[in-house]
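2 protein chains.
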Amino acid sequence: MSSLGFHYVWDVYNCAFDAIALVSPVEKLMDDIIQSSSLTLIDKKFNQFAPHGVTGIYLLEESHLSAHSWPENGYIALDLFSCIALDDSTKIKNIIEDHLGQVRIEERKIERGIIG
Amino acid sequence: MSSLGFHYVWDVYNCAFDAIALVSPVEKLMDDIIQSSSLTLIDKKFNQFAPHGVTGIYLLEESHLSAHSWPENGYIALDLFSCIALDDSTKIKNIIEDHLGQVRIEERKIERGIIG
């Protein structure tokens, strides 16, 4: 048995409002995740909600990275779907903490497309 | 306790190769899911893999819809992340079957951003 897709889900609580309210800091976080994981960006799109809140979607050669933030609740949802398993998802958690500070991260890994 | 995001995961097996190999049929399926659910499309992006396989990402007012297909394995991964719960996810399963025929659908619903 093996899986075709590796889906990492990070629910991040206790975020500072300003860290997730606007596109700019969320984009920096997402860029850092991509660069640190040697993933290949094809295109990225953002939606800035008024007055605050962000959706970011990165189309990757390996699949996608998404972010959705609720600054009023101190919460951001991050998902990485990849056809290649991460060597070490702890690295991503460290990047999230580097950008967002003292947050609470709930990580799930979902194997997608079980074959064999 | 309530959740900020409603994340629907559909792992779809036993798909016909031609139904998921190229952008065109996958785009029609995704468009139909959006229209039937009264979701609001902001932008969409696709990647056509050579010789086959598709990534599709829809940026929605409500969050996102993604698709990743492995035609050689008869598998497509569909994810809908929405700030609004679907009235009835059975409708989506029916649309998937309308487009892809006799497939096996594994559905999961993940509540994202638990507050209160």
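Listed in order, the protein sequences are those of chains A and B. Position 65 (the first sequence) corresponds to 65 in our numbering; numbering is contiguous. Position 96 (the second sequence) corresponds to 212 in our numbering; numbering is contiguous. Just so you know, even glycine gets a beta-carbon here, dropped at the ideal spot from N, CA and C.
Just to confirm, is the Cβ distance from residue i to residue j under 7 Å?
i, j, result
"B:Y191", "A:G113", "yes"
"B:P187", "B:I136", "yes"
"A:R108", "A:Y13", "no"
"B:S152", "B:I211", "yes"
"A:L86", "A:E62", "no"
"A:I8", "A:S89", "Before going further, note that residue 8 of chain A is Tyr rather than Ile in the sequence given. Yes, these two residues count as a Cβ contact at 7 Å."
"A:I33", "A:L41", "no"
Span of the alpha helix (DSSP H) holding residue i?
i, result
"B:Q164", "Segment 157-164 is the beta strand (DSSP E) holding B:Q164; no alpha helix (DSSP H) there."
"B:D148", "139-152"
"A:A19", "17-20"
For residue i, which residues in the same chain have their Cβ closer than 6 Å to its Cβ, ignoring the five residues on either side in sequence?
i, result
"B:G248", "The structure shown has nothing for residue 248 of chain B, since chain B only spans 117 to 232."
"A:S82", "F6, E62, S63"
"B:F133", "P187"
"B:L86", "What the structure shows of chain B is the stretch from 117 to 232, and residue 86 of chain B is not part of that stretch, so it cannot be assessed."
"B:N189", "none"
By how many angstroms is the C-alpha of residue j removed from the C-alpha of residue i?
i, j, result
"B:K209", "A:F49", "30 Å"
"B:V139", "B:Y174", "13 Å"
"A:D11", "A:E106", "5 Å"
"A:H99", "B:I226", "25 Å"
"A:V54", "B:C131", "34 Å"
"B:P195", "A:L60", "Correcting the residue identity first, residue 195 of chain B is Asp in this sequence and not Pro. The straight-line gap from Cα to Cα measures roughly 16 Å."
"B:L181", "B:D159", "11 Å"
"B:K144", "B:A193", "15 Å"
"A:D91", "A:Q102", "Inspection of the sequence shows that residue 91 of chain A is occupied by Lys rather than by Asp. Going by the C-alpha atoms only, they are around 16 Å apart."
Identify the continuous beta strand (DSSP E) that holds residue i and give its terminal residues.
i, result
"B:H123", "118-129"
Considering only residues of the same chain and omitting the five flanking positions on each side of residue i, which have a CB-CB separation below 7 Å?
i, result
"A:S2", "I115, G116"
Looking only at its chain, what residues have a beta carbon closer than 8 Å to the beta carbon of residue i, apart from the 5 residues adjacent to it on each side?
i, result
"A:I84", "F6, E62"
Alpha helix (DSSP H) segments (min. 4 residues) lying fully within the segment 172-220 of chain B = 206-216
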